[in-house]
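Visitor: Could you have a look at this structure, given as structure tokens, before my questions?
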Amino acid sequence: DNLVDLARYPRNTPVAIVEKAGCPDQRILVGNMNTIADLSEQYEIKPPSTIVVGEVVNVLLNKNGCFGDNQIEGLIGGLPSTQSID
Numbered sequence: 125d126n127l128v129d130l131a132r133y134p135r136n137t138p139v140a141i142v143e144k145a146g147c148p149d150q151r152i153l154v155g156n157m158n159t160i161a162d163l164s165e166q167y168e169i170k171p172p173s174t175i176v177v178g179e180v181v182n183v184l185l186n187k188n189g190c191f192g193d194n195q196i197e198g199l200i201g202g203l204p205s206t207q208s209i210d
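Given below as structure tokens:
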């Protein structure tokens, strides 16, 4: 709620959490400002994790051919550790 209230992010702003980025057991969790906290508890996301906020979440996922134009929410697994997302 702090990011929504203080930074004035819309509640439907995309959010991704990348757990263990670059590691073979990397996981990516996708949601929005309303859902990401509950999803991170549901999927037991642990540190080290990086949080990405904003439309860049959709851009990066689509750039890597993960989902095309489909919106997705929940645990989507990870990218192979040899794949770059830059």
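Add 124 to a position in the sequence shown, counting from 1, and you land on the number used in the numbering used here.
Ideal Cβ positions, reconstructed from N, Cα and C, are used throughout, including at glycine.
In chain order, which continuous runs of the alpha helix (DSSP H) of length 4 or greater are located wholly inside the stretch 147-197?
Guide: Segments of the alpha helix (DSSP H) lying fully in the stretch 147-197: 160-166 and 180-187.
Visitor: Return the first residue and the last residue of the beta strand (DSSP E) that PRO134 is part of.
Guide: Taken as a continuous stretch (DSSP letters only), PRO134 belongs to no beta strand (DSSP E), as it is neither H nor E.
Visitor: Please name the residue or residues paired with ALA140 in a DSSP beta bridge.
Guide: The partner list for ALA140 (beta bridge, DSSP) reads VAL154 and VAL176.
Visitor: With a CB to CB cut of under 7 Å and the five nearest residues on each side skipped, what residues in its chain are close to THR137?
Guide: Correct list, in chain order: ASN156, MET157, VAL177 and GLY178.
Visitor: Below 8 Å on the Cβ atoms is my guess for GLN150 versus VAL139; work out the distance and round it to an integer in Å.
Guide: Between VAL139 and GLN150 the Cβ distance is about 17 Å, and since that is not below 8 Å, they are no contact.
Visitor: Keeping to the same chain, check which residues put their C-beta closer than 8 Å to that of ARG132; ignore five residues upstream and five downstream.
Guide: Correct list: empty, nothing qualifies.
Visitor: Would you kindly work out how many angstroms separate the C-alpha atoms of GLY146 and VAL128, rounded to a whole number?
Guide: When rounded, the distance between both Cα atoms is 29 Å.
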